[in-house]
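Residue numbers (the numbering used here): 1012 to 1320. The C-beta atom is built at its ideal place from N, Cα and C for all residues, glycine as well. Being a predicted model, the structure only gives us computed values, none of them experimental. Reviewing the structure listed below.
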Ligand SMILES: Cc1cc2nc3c(=O)[nH]c(=O)nc-3n(C[C@H](O)[C@H](O)[C@H](O)COP(=O)(O)OP(=O)(O)OC[C@H]3O[C@@H](n4cnc5c(N)ncnc54)[C@H](O)[C@@H]3O)c2cc1C
């Protein structure tokens, strides 16, 4: 391994300046993805820029019609937050099922989005929720942020500052988990705006990174329940040593059916535009996780219970 410099930045302009000065410098957030990649020689890095002291990247607050999460919010902080549990219960639930207790305490929302691992949960959640990302380079919609596996609109010198989650929508996330890590294989996030009847469906863990699934969104808008006859999204999937593309696409369709049935049960008129949107100003009850491969702690072996803490 070549020499590695470590710098603890004080504020956002300093982080940006350091990144611009050295093309092989990287932001260090929780280090849960970056440090293993550096150790394994999978990425060329000569300088780590620790951002823990950068105040702009911290905090979780309620704005007028958004919940704002600083990039340095950890998965555990989001899962435990009373604000998130109240306003975005499905997001809190998803955060609680990332990795294990140790990774959740240090791994960050910003690190996950900026890394865009093709099996990560947060990118799909951000797409389904229509989140807006505040970066050192300006605002970016989630739709324009993810540009392929391990590639985002940030480029080498951009810094993700915060994620703005719109309120007043229902959502759900479920995944079939890789047994050792809990990465999605695949995962599916679904969001609906009851005022407009507009649905957003995002898949992850199909191989190409988080993507929207246009056919599912179109089917969910139809009153006749066309979503039940959806074809698996084979064009979005690729196989690897774990599973074939066909199997992953099949699992994505299974997740889509389960979440759609669950969410539609909470909507008037089977999910079409609501003539009385005021009644959705308070969030609907949480939608339970749909994947069946997650036994309850009492059924599970001791090593599995470690993940469930
Ligand atoms: C055992 C294990 C299991 C896991 N299971 C899951 C899982 O089930 N689901 C899931 O979604 N993830 C999972 N992860 C990934 C985990 O969520 C990581 O925490 C996350 O992917 C990276 O966050 P981090 O804060 O550690 O980022 P780092 O490792 O510090 O950084 C990751 C990358 O993002 C960049 N970066 C970080 N923050 C910023 C920023 N604010 N602006 C610009 N660039 C930035 C870094 O330069 C680096 O390139 C798992 C990880 C491990 C080790």
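- Report, in whole angstroms, the separation of the C-beta atoms of residue 1138 and residue 1153, which I expect to be a contact under 8 Å. In the chain shown, the residue the question calls residue 1138 occupies position 127. In the chain shown, the residue the question calls residue 1153 occupies position 142. Sure, about 5 Å apart at Cβ, within 8 Å.
- Using CA coordinates, which residue listed in 1078, 1147, 1110 and 1190 is at the minimum distance from residue 1025? Looking up residue 1025 in the chain shown gives position 14. The residue with the shortest Cα to Cα distance from residue 1025 is 1147.
- Query: Do residue 1221 and residue 1135 have their CB atoms nearer than 8 Å?
  - Reply: In the chain shown, counting from the first residue as 1, residue 1221 sits at position 210. In the chain shown, counting from the first residue as 1, residue 1135 sits at position 124. Taking 8 Å as the Cβ cut-off, residue 1221 and residue 1135 qualify as a contacting pair.
- Item | CA nearest to the CA of residue 1143, picked from 1157, 1029, 1182 and 1131 | Here residue 1143 refers to the residue found at position 132 when the chain shown is read from its first residue. Considering only alpha carbons, the answer is 1157.
- Item | Bounding residues of the beta strand (DSSP E) (the contiguous stretch that carries residue 1061) | Looking up residue 1061 in the chain shown gives position 50. Per DSSP, residue 1061 belongs to the beta strand (DSSP E) from 1058-1061.
- Item | Entirely enclosed beta strand (DSSP E) segments - the segment 1024-1107, minimum 3 residues | 1036-1039, 1058-1061, 1071-1073 and 1077-1081
- Query: Sorted by chain position, which residues of the same chain lie with C-beta nearer than 6 Å to residue 1122's C-beta, five sequence neighbours on each side aside?
  - Reply: Reading the chain shown from its first residue, position 111 is the one you call residue 1122. 1040 and 1041.
- Item | 8 Å CB neighbourhood of residue 1267 in its chain, flanking five on each side removed | In the chain shown, counting from the first residue as 1, residue 1267 sits at position 256. Cβ neighbours of residue 1267 beyond the five flanking positions: 1199, 1201, 1212, 1224, 1227, 1238 and 1241.
- Message: Which runs of the beta strand (DSSP E) at least 3 residues long sit entirely within the segment 1131-1184? Give them in chain order.
- Response: 1143-1146, 1149-1152 and 1171-1177
- If we call anything under 8 Å between Cβ atoms a contact, is residue 976 one with residue 1061? Nothing about residue 976 can be read from this structure; the chain reaches only from 1012 to 1320.
- Message: Using C-beta distances below 8 Å, list every residue in its chain close to residue 1115, excluding the 5 sequence neighbours before and after it, in chain order.
- Response: In the chain shown, residue 1115 corresponds to position 104, counting from 1. 1085, 1086, 1087, 1090, 1106, 1107 and 1109, listed in sequence order.
- Tell me, which residues are paired with residue 1222 by DSSP? Numbered from its first residue, the chain shown carries residue 1222 at position 211. In DSSP, residue 1222 forms a bridge with 1214.
- Item | Near ligand 1: residue 1209 beta-carbon under 7 Å from a heavy atom | The residue labelled residue 1209 in the question sits at position 198 within the chain shown. Checking every heavy atom of ligand 1 against the Cβ of residue 1209, none is found closer than 7 Å.
- Query: Using CA coordinates, which residue listed in 1260, 1215 and 1203 is at the minimum distance from residue 1232?
  - Reply: Translated into the one-based positions of the chain shown, residue 1232 becomes position 221. Considering only alpha carbons, the answer is 1203.
- Apart from the five residues on each side of it in sequence, which residues of its chain come closer than 7 Å, Cβ to Cβ, to residue 1171? For the purposes of this step, residue 1171 is taken as residue 160 along the chain shown, with counting starting at 1. Closer than 7 Å at the Cβ level, and outside the excluded window around residue 1171, lie 1082, 1121, 1124, 1125, 1144, 1146 and 1165.
- Item | Check: residue 1132 C-beta below 7 Å from any heavy atom of ligand 1 | Against the chain shown, residue 1132 aligns to sequence position 121. Result yes, Cβ under 7 Å from ligand 1.
- Leaving aside the five residues before and after residue 1189 along the sequence, list all residues of the same chain whose C-beta is less than 6 Å from its C-beta, in chain order. Locating residue 1189 in the chain shown gives position 178, counting from the first residue. Result list for residue 1189: 1196, in chain order.
- Query: Say the cut is 7 Å; is the CB of residue 1168 nearer than that to a heavy atom of ligand 1?
  - Reply: The count along the chain shown starts at 1 and reaches residue 1168 at position 157. Every heavy atom of ligand 1 is 7 Å or more from the Cβ of residue 1168, so no.
- Message: Helix, strand or coil, according to DSSP, for residue 1021 in the structure here?
- Response: The sequence position of residue 1021 within the chain shown is 10, counting from 1. Coil.
- Taking all protein chains shown into account, decide if residue 1150 is buried (16 or more other Cβ within 10 angstroms of its Cβ) or exposed. The sequence position of residue 1150 within the chain shown is 139, counting from 1. With fewer than 16 Cβ atoms within 10 Å of its Cβ, residue 1150 is classed as exposed.
- Compute the beta-carbon to beta-carbon distance between residue 1244 and residue 1260, rounded to the nearest angstrom, for a pair I have assumed lies under 8 Å. The residue you call residue 1244 lines up with position 233 of the chain shown. The residue you call residue 1260 lines up with position 249 of the chain shown. Rounded, the Cβ-Cβ distance is 5 Å, consistent with contact.
- Message: Looking only at its chain, what residues have a beta carbon closer than 7 Å to the beta carbon of residue 1072, apart from the 5 residues adjacent to it on each side?
- Response: The residue you call residue 1072 lines up with position 61 of the chain shown. Once the five neighbours on either side are set aside, the close Cβ partners of residue 1072 are 1079.
- Message: Please identify the residue among 1264, 1181 and 1249 whose C-alpha is closest to the C-alpha of residue 1218.
- Response: Taking the first residue of the chain shown as 1, we reach residue 1218 at position 207. The option with the nearest alpha carbon to residue 1218 is 1249.
- Task: Determine, using beta carbons only, whether residue 1274 and residue 1173 come nearer to each other than 8 Å.
- Result: Here residue 1274 corresponds to residue number 263 of the chain shown, with the count starting at 1. Here residue 1173 corresponds to residue number 162 of the chain shown, with the count starting at 1. Their beta carbons are not under 8 Å apart, which means residue 1274 does not touch residue 1173 by this criterion.
- Item | DSSP three-state assignment for residue 1189, whether helix, strand or coil | As a working mapping, residue 1189 is identified with position 178 in the chain shown. DSSP places residue 1189 in coil when its eight states are reduced to three.
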